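To start, the structure itself, in structure tokens.
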Amino acid sequence: MRRTTAPWTDPDIARLEEELAGLGEELAQAEAELAEARALLAAFTQAHGRLMASLFAELDEIEAQIAEFCAATSGWPDDLRDAREARARARESAGAADTAAGQAPVPPPPVEARPLYRALARRCHPDLGLDEADRERREAFMVRVNDAYSGGDVDLLRRLAAEWDATGAAAPADASRDRLSRLRASVDAVRGRLAQVRAELAQMAQTELGQLLFVEHQGDMRAALKRLEALADQVRSTIAERRQVLADLMGRR
Amino acid sequence: MTGNLPERRPGAGALAGTGGIARRTAELARQDHPVILWQRALARDADAWVSFSDDAVTAGDERIDIRTGHATPRRVPSLQGEYFGCRICHGVLVCSRRMADGRVYVAGADPRSGQVLWRHEPMPYSEYEASSWRHLMLDDHHDPDVLSAHGLTPGQRIELIDWRTGRSAWTVPWPGGAGPSAADAPEYSYDEQGEFRQLRGGQDAGAPGTAHAALRVRVAVAVRHGYTASYTDGLAGVDEADGTIVWRIRNPQAGTGFRWGPPAYLGGTGRHLVLAGTVGPLHVPILSGGCSCRGGGLPDPGKPNTCASCGGIFRPWDMVAVHDRLSGRRLWGHRWPDRQAPHTGLGGIADIRGGIVLTREGDFLRARRVEDGQLLWSAVPARPYKRFVWPGHHPASQWAWLTRSGHGDGGHRPPLAGDLFFHAPTGRTLTIDWVLDQTSDDLVLTHADGTLTCLALPGSPVLR
Chain A
250 MRRTTAPWTD
260 PDIARLEEEL
270 AGLGEELAQA
280 EAELAEARAL
290 LAAFTQAHGR
300 LMASLFAELD
310 EIEAQIAEFC
320 AATSGWPDDL
330 RDAREARARA
340 RESAGAADTA
350 AGQAPVPPPP
360 VEARPLYRAL
370 ARRCHPDLGL
380 DEADRERREA
390 FMVRVNDAYS
400 GGDVDLLRRL
410 AAEWDATGAA
420 APADASRDRL
430 SRLRASVDAV
440 RGRLAQVRAE
450 LAQMAQTELG
460 QLLFVEHQGD
470 MRAALKRLEA
480 LADQVRSTIA
490 ERRQVLADLM
500 GRR
Chain B
4 MTGNLPERRP
14 GAGALAGTGG
24 IARRTAELAR
34 QDHPVILWQR
44 ALARDADAWV
54 SFSDDAVTAG
64 DERIDIRTGH
74 ATPRRVPSLQ
84 GEYFGCRICH
94 GVLVCSRRMA
104 DGRVYVAGAD
114 PRSGQVLWRH
124 EPMPYSEYEA
134 SSWRHLMLDD
144 HHDPDVLSAH
154 GLTPGQRIEL
164 IDWRTGRSAW
174 TVPWPGGAGP
184 SAADAPEYSY
194 DEQGEFRQLR
204 GGQDAGAPGT
214 AHAALRVRVA
224 VAVRHGYTAS
234 YTDGLAGVDE
244 ADGTIVWRIR
254 NPQAGTGFRW
264 GPPAYLGGTG
274 RHLVLAGTVG
284 PLHVPILSGG
294 CSCRGGGLPD
304 PGKPNTCASC
314 GGIFRPWDMV
324 AVHDRLSGRR
334 LWGHRWPDRQ
344 APHTGLGGIA
354 DIRGGIVLTR
364 EGDFLRARRV
374 EDGQLLWSAV
384 PARPYKRFVW
394 PGHHPASQWA
404 WLTRSGHGDG
414 GHRPPLAGDL
424 FFHAPTGRTL
434 TIDWVLDQTS
444 DDLVLTHADG
454 TLTCLALPGS
464 PVLR
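Protein sequences appear in the order of chains A and B. Take the first sequence: its letters are residues 250 to 502, numbered as in the numbering used here. Take the second sequence: its letters are residues 4 to 467, numbered as in the numbering used here.
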């Protein structure tokens, strides 16, 4: 009677492989979130600049003229200082408006790019590499994936997925004796990267516009842009009021 | 980690989502979010009187918890007669009533049961004094820790009543009137031009090593609250333990015009007392021999300051001055030309919030640190506003309230919505498009169509 026996597997290696697979999935999800958050914030920052910078510049110019009028009328040191500061602020705002106007719009990545990116990150993330050479190979590939995602190029992401399936997925032979230690290193690296990703996500949510986009509107770009429009209307209303104040002051002269 | 997305973005700054414009936008986004803390319908007869009082809003016969809006019956001590005011002070409901025969009671009661704990009948009041006394009542005064209950008696004395027992703790003479003070108490004076001078030297109660500084007592201030510039007859620093006057600011008696005179007490914060007023009417009469306009002719605040009687020119100044509570010494002062300030008493020119002195100087609103007068920020409100509301009353709160509604409208014109709040430490603003009633500690109460709404401003202690 023939007896078949399953090949013996080191239970530590099995456990680490299982843990690494779970962490890899988690990391891929987190990297996708991070990439999307970065792209969203960049697009929102640009949209914000194009919308608000010119309005603030217009408002600051009117405020500077009002302050200069008051200073010229009173001659008081406080008023003169306020007028100087208001003029400096108006110059700074005008410069910021010029910069914002010169920027080409950056559209956020299309929705269908996200699952492609996430699938690729799950398979080719550098921190899943089993040795240094594998990690370097994955890093080079991941840069191409990131560029394709940030550029919103869905076709390129599909081609990269096919390319990885054809060539990149071939991991180096794992004949070495220290597979266990390499697995441990990979688990540590993935955990470390996860912590980094989460910290960066938190940091982005703490920025001024990040709060508006991620905290107030949970990353809903359309809702955040609508809110931005409402804020722009507030500034427009203030501009109209201040313009009237300036006109009244000039009329008194 | 090269697996990260590359940071390059066309035209992006060092960190997306930050920068000067982003900061302003975020500030704008934060401004328009006062929180509705609660709303509740009011009984019809409660519409007549709504008031903040410590941790509660009192509306008719209901006492409403400021945090939750939950109402419980308010029991008022059974005193017959005309009502003056009630306030919960250190857990005791203190009420005052004037009887038909002119006598005035002050009563302390348990705010939950209405059980009268003590009753105090000060000396009889004349009609004039009784009506003046309301200004000294607890509803109006913002130093309740010190002046729990007090009144102006005939003979121009202020009486402090212990809120726990209702017993008279001490009486002191009215600060500006005749009366004794400690032999070694220094005396100061402001004149009509706002010049401050020491009339008499003496032992400095605030100096280390002096008898007063060594005692556990803190120095209280007994004043008429300075709603208008007519209450300018002086201040006194009073040892709260025994009523000894340890310093005095004795100003010339008013009578030189309603609007202009020595600066009046605006309010206190910590060791500092803030005085404010419109001073220094440099009057150049056109008619030879002068005219009587200093006695009552008021220029239209929106127009050039010319005398209504003779066409002469007034050149008034607005001013604030900060004094040390312990010693009475003046720490700093600031004055500016009186331009366009409406005639609204102290509310037209100054307020204290969060340890910061706010001044309205022409089109500008300016903030100065109370300790040394250092300018913190300067801003131009987007709309014209008439005055500060409750100036000096809530020195610990952070938001100053500027109203669009005029003072002295006499109820003929409806109040306007769209009042502005300035955050004293930063200059941030917040506009509320409701008609507002009252404020206390960064809460705002509005009362319309039988509904009472309590709004919490950002940073209000209730939200923490």
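Just so it is clear, CB atoms sit at the ideal spot from N, CA and C, and this is done for glycine as well. It should be emphasised that the depicted structure is a prediction, and the values quoted were computed from it without experimental measurement.
- Does the distance from the C-beta atom of A:L283 to that of A:E449 stay below 8 Å? yes
- For A:P260, which three-state DSSP category applies? Helix, per DSSP.
- Coil, strand or helix - A:E388 by DSSP: helix
- Does any C-beta atom of chain B lie closer than 8 Å to the C-beta of A:D331? yes
- Query: What are the residues that DSSP puts in a beta bridge with B:P340?
  - Reply: B:W320
- Message: So, does the stretch 373-384 of chain A touch the stretch 334-352 of chain A, judging by three or more C-beta pairs under 8 Å?
- Response: no
- Message: Here's a check: name, in chain order, each residue in its chain whose Cβ is nearer than 8 Å to the Cβ of A:L458, leaving out the five neighbours to either side.
- Response: L290, F293, T294 and H297
- Message: Taking 8 Å as the threshold (C-beta atoms), are A:A332 and A:E310 in contact?
- Response: no
- Message: Give me the chain A residues within the contact set of B:R26, using Cβ-Cβ distance strictly less than 8 Å, ordered along the chain.
- Response: E457
- Task: Measure the C-alpha to C-alpha separation of A:W325 and B:G280 and round it to an integer number of angstroms.
- Result: 20 Å
- For B:L269 and B:L349, believed in contact at Cβ under 8 Å, the rounded distance: 5 Å
- Please name the residue, chosen from B:R26, B:A32, B:A62 and B:L31, that lies closest to B:G453 on a Cα-to-Cα basis. B:A62
- When Cβ atoms are compared, which residues of the stretch 345-373 of chain B fall closer than 9 Å to chain A? E364, G365, D366, F367 and R369
- Any beta-carbon of chain B closer than 8 Å to the one on A:H466? no
- Take the Cβ of A:S486 as the centre, count every other Cβ of all protein chains shown within 10 Å, and call the residue buried at 16 or more, exposed below. exposed
- Task: Count the C-beta pairs between the stretch 358-375 of chain B and the stretch 421-439 of chain B that are closer than 8 Å, then say yes if the count reaches three, no if not.
- Result: yes
- Query: Nearest-angstrom Cα distance between B:R167 and B:G111?
  - Reply: 8 Å
- Does any CB atom of chain B fall closer than 8 Å to the CB of A:M470? no
- Query: Along chain B, in chain order, which residues have C-beta atoms closer than 8 Å to that of A:L290?
  - Reply: A19 and G20
- Since A:V439 contacts A:L477 with CB under 8 Å, what's their CB separation in whole angstroms? 37 Å between Cβ atoms; not a contact.
- Task: Using the Cα positions of B:T174 and B:H123, report the straight-line distance between them to the nearest angstrom.
- Result: 14 Å
- Chain-order list of residues whose beta-carbon lies under 8 Å from that of B:D375 (same chain, five-residue window excluded): L334 and W335
- Item | A:G521 at chain B interface by Cβ criterion, 8 Å | Nothing can be reported for residue 521 of chain A: it is not among the residues displayed for chain A, which extend from 250 to 502.
- Query: Under a Cβ-count criterion, where at least 16 other Cβ atoms within 10 Å of its own Cβ denotes burial, should B:A267 be classed as buried or exposed?
  - Reply: By the C-beta density criterion, B:A267 is buried, having at least 16 other C-beta atoms within 10 angstroms.
- Query: So, does the CB of B:V383 fall closer than 8 Å to a CB anywhere in chain A?
  - Reply: Answer yes: the Cβ-Cβ gap between B:V383 and chain A drops below 8 Å somewhere.
- Task: Could you check what DSSP says for B:G258 in three-state terms: helix, strand or coil?
- Result: Note on B:G258: pLDDT 41, under 50, position unreliable in the model; the coordinate value appears next. Reduced to three states, the DSSP call for B:G258 is coil.
- Query: Taking C-beta to C-beta, are B:E190 and B:R253 nearer than 8 Å?
  - Reply: yes
- Item | 8 Å contact criterion, which B:V392 and B:H275 should meet: CB distance rounded | Contact flag wrong, Cβ pair sits at about 21 Å.
- Task: Measure from the C-beta of B:A324 to each C-beta in chain A and report whether the shortest distance is under 8 Å.
- Result: no
- Quick one: does A:I191 have its CB under 8 Å from some CB of chain B? This structure leaves residue 191 of chain A out entirely; chain A is present only between 250 and 502.
- Could you please give the first and the last residue of the uninterrupted alpha helix (DSSP H) stretch that includes A:R363? Counted as a single uninterrupted DSSP element, the alpha helix (DSSP H) harbouring A:R363 occupies residues A362 to C373.
- B:V438, DSSP secondary structure in three states: coil
- What span of residues does the beta strand (DSSP E) with B:G421 cover, start to end? First-last for B:G421: undefined, no H or E at that position.
- B:G270 - partner residues in DSSP beta bridges: B:V277
- Message: Which of the three DSSP states is assigned to B:L96 in this structure?
- Response: strand
- Message: Here's the rule I'm using: 16 or more other beta-carbon atoms within 10 Å means buried, otherwise exposed. How should B:R170 be labelled?
- Response: By the 10 Å Cβ count, B:R170 comes out exposed.
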